[in-house]
Each structure stands twice: as structure tokens, then as C-alpha cells.
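Sequential numbering of the sequence shown, starting at 1, is according to the numbering used here. Backbone N, C-alpha and C fix where the C-beta goes; we use that ideal spot for every residue, glycine too. Beneath this line is the structure, given in C-alpha cells, with notes to follow.
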Amino acid sequence: MGSYEGSNSGQIIVNVDEIPSGFCGAAYLTDDAAGLPGTVTRFEATNEERSFSLNAAVFPIDPNTATPSSWDAIRTLYASDVRFPAFAEIHGQWTETSLTLSWKTDIGTYGHCVLFRPSEVGVSQIAAERMNWLDFKKYIAECAEKKLLFRGQREPWSLRTSFHRHGRADLSRFLDEDIPLLQRNLSARTRHVFDLTVPDQNGAFLNLAQHHGYPTPLLDWTYSPYVAAFFAYRGLSNHAAAKTLEVDCVRIYVFDQSKWRANLPQIQRLLIPTPHFSIMEFMAIDNDRMIPQQAASSVTNVENIEAYICSKESTGTKYLSAVDLPKRDRREVVRELQYMGVTAGSLFPGLDGACEDLKERRFET
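What follows is the structure, given as C-alpha cells:
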């Protein structure tokens, strides 16, 4: 992400995926002038050379739907003297850390930019509050009325979707290639045939794929701090937990989604020209895990979610915080969660959940 200059100036986002022949992606430009449409173009180039040149079609972004359109379809929304290009000649150079672009369109407009690759998203930079299990229960009792969202993680990694963790960035490619492939394969295994033109069903379909391990631009949350604690300690054995140091902790993120929803627009679409992070509650179609997990999902086109959320905070307005619980406390926490009914058997209805639950109870690993 960065800014561009030339005959116009504004903000630019370039999402790039590596493919066997090189790389492909999409560029989204938002002009500083309010009376001009946003722009999107797709590109593909080989990685044999560090420089490239190509001619690419250019499309305006419909201001009502935030999706690519044709100039003829939205021309009447703008002043009569506004013109929009059909093609752009693009030149670029790239290194491991930067991308330099310049372009000129068929109507004579031009621009250039230097963009720097985001640093790797690693350990969270949030200063978490360290608590024991008893203090954590007191803490969540005090904030029960705030309708917070929680996310449990075995390590204090920064928030990042599985889509971005797997090295992907081009959401238009995800929608054009991954989603049709998923629908063809999953439709043979679900009772419901999803109509992806219906937003609620499209979201439910993405959530189903996410819950069964396919990388998506969704991030899982729960309204239950106890479900979050289950996922934080899940995958860590009692034997391994007993060997950890006193400073070793699991992480539970706490997100004030009510305040976030009130202050920022919530957008269900993936392809929009500006960064967004939106909270959604999808229908539980063919997904028997959503209800017991008290699940909610975030939808985003941002890789470093933590940094994006924190950039929207100000004095007196805080959205994201974190609590760290000692890994050594796993046995105590899991046993109490079992008394509450928060187990793999309840959260993952079916044979896999039942066997994981019984393994925990019978083998005490």
C-alpha cells in the first residue's frame, strides 16, 4: 500500500500472488479528487526478469457497489467532462522489498509510485495483561455486558487470516479460481447447494470452508471467552505444558466489536479498493459447529489485522486488547472447561470431536 503521483494523485494497493510462471495480481487506485472514480487493473508477468512492461485493461469502480464496472455503465454518475481510460501501458521493477511502477493511459494520464513490501507479520505488538485462570474469570465477569468478541491462540501471534498466512494476497484470483473450485467439490458433500449470488449464502459458504480447514480471508472469533480459552489450549498437551517456563503463555484477544461496528463501516464484500476489517455473523448452513462455538467471523482484505485495528484507535477509543494465560495452567483450565461442557465433543459435533474429547479424558496426554 502507498501513494502515487502524476497527472493525478491518490492511494494505491497492489495485491500480488506468486504463480508457477511468475506472478499475477491486481492494483486498486483511489484518486484524491472526490469527483473521479476509483480504478482497478489486473496484471500478470514472469519472474525471469526484475523489470517488466505490459498493456493492461483498466476498469472503473462503481461507487455504489465498490466493484469493477464499465465506464459506459457508470458514466452518468460523474461530471460530463470526466474521461476514463480503457488501457494503460505499465512499466515496473521489483526487488525482494519494493515495487516501482509507472504508467501512461490511452487518454494521456500518467502516474508513478514506489511501494514497499510489508514486513513479515509475526509476534503481536500488543502489550497483553497477564492473568491466572481465576483472575481471567473475574475479568470476563466484569465485562459481560459489553458484547465482546474473543479469539484464542496457542501463541501470541499477530492477527492474520489463513489466506494471508499461506502467502496469498490477490482476492480477485481467490474469487475467480478458488471459490468455483470449492463450490464444485463441496456441493457433492453438502445437503445444501449454495447460491453464491446471495450474500448470506456466500458468507455461509466461505465460513463452512474456513471451519473445515480451507484458507480464506475470514478470521474466526467467538462470543464466549471460555470457547476462546479452549482453542488457546487446544493442541497443547498436559505433558508439554508442564515443561513450559513461567513466562510461556497462550493468548486470548479481546475485541470490542460493538464499538468497532458503531464507528467504522462494515463491508461484506471482499473486493473493494480500500482496506477494511468487518465483523459478520453468517447463517449456519450445513455447518453444525457455528452454534456451539458461538461463532462470529471477520472479513478483511488486510494482511496485518492488528496494525490496521490499532491505526484506528485514539485516546479514549480502544478496540483490541489481549490477555495471556500461563501454559502451565492447562490441566486446571481444561478440566474446568469440561465441567462447563466446553469440550471438543460439544464444539465439533461428529466423530472427530467425540474422539478428541474422549482422548483428552482417557489418556490425559
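For the set Pro-118, Cys-249 and Thr-65, the Cα lying nearest the Cα of Leu-99 is the one of Pro-118. Judged by DSSP in its simplified three-state form, Pro-275 adopts coil rather than helix or strand. Inside the region 73-134, DSSP marks whole beta strand (DSSP E) runs of 3 or more residues at positions 87-94, 98-105 and 110-116, from first to last along the chain. In this structure, the beta-carbon distance from Ala-26 to Asn-8 does not fall below 7 Å. DSSP, reduced to helix, strand and coil, places Ala-34 outside both helices and strands of the structure shown, so it counts as coil. For Val-333 and Phe-230, the gap between their C-alpha atoms comes out near 8 Å.
Our two residues, Ala-242 and Asn-287, have alpha carbons roughly 35 Å apart in a direct line. In the DSSP assignment, Pro-199 falls within the alpha helix (DSSP H) that extends over 199-211. Annotation for Leu-196: no alpha helix (DSSP H) segment contains it, and DSSP assigns it neither H nor E. Across the set Gly-92, Gly-35, Arg-191 and Gly-203, the C-alpha of Gly-92 shows the shortest separation from the C-alpha of Lys-104. The three-state secondary structure of Ile-252, taken from DSSP, is strand.
Taking C-beta atoms as the reference points, Ala-295 and Thr-222 count as a pair closer than 7 Å. Sequence-distant Cβ neighbours of Pro-225 in its own chain, meaning closer than 6 Å and more than five residues away, are Ile-140 and Phe-150. Nearest to Leu-270 by alpha-carbon distance, out of Val-250, Tyr-28, Pro-349 and Thr-244, is Tyr-28.
Asn-207 and Phe-116 do not touch by the CB rule: their CB atoms are close to 33 Å apart, not below 8 Å.
Judged by DSSP in its simplified three-state form, Glu-246 adopts coil rather than helix or strand. As the crow flies, the alpha-carbon of Val-82 is around 46 Å from that of Lys-147. Looking at Gly-10, Cys-310, Glu-313 and Val-227, the one whose alpha-carbon comes closest to that of Glu-336 is Val-227. Ala-262 and Asn-47 have their alpha carbons spaced roughly 44 Å apart.
Residue nearest to Arg-251 within the set Arg-234, Pro-265 and Ser-258 is Arg-234 (criterion: CA-CA distance). The closest CA to that of Arg-330, considering only Asn-132, Pro-37, Asp-200 and Gly-108, is found on Asn-132. By the criterion of a C-beta distance shorter than 6 Å, Ile-13 is surrounded in its chain by Met-1 and Tyr-28, once the five residues flanking it on both sides are discounted.
Its chain contains Gly-35, Leu-36 and Pro-37 as the residues whose beta carbon lies nearer than 8 Å to that of Tyr-78, once the 5 sequence neighbours on both sides are disregarded; these appear in chain order. Of all alpha-carbon atoms in Phe-136, Phe-59 and Glu-129, the one lying nearest the alpha-carbon of Asp-106 is that of Phe-59.
At a cut-off of 3 residues, the continuous stretches assigned as beta strand (DSSP E) that sit fully inside the region 309-354 are 320-326.
Phe-282 sits in coil when the DSSP states are folded into three classes, being neither helix nor strand. Rounded to the nearest whole angstrom, the CA to CA distance from Pro-273 to Val-40 is 8 Å.
Note on geometry: alpha-carbon atoms of Pro-20 and Ala-45 lie some 11 Å from one another. Contact between the region 155-165 and the region 180-199 is not established, with fewer than three Cβ pairs separated by less than 8 Å.
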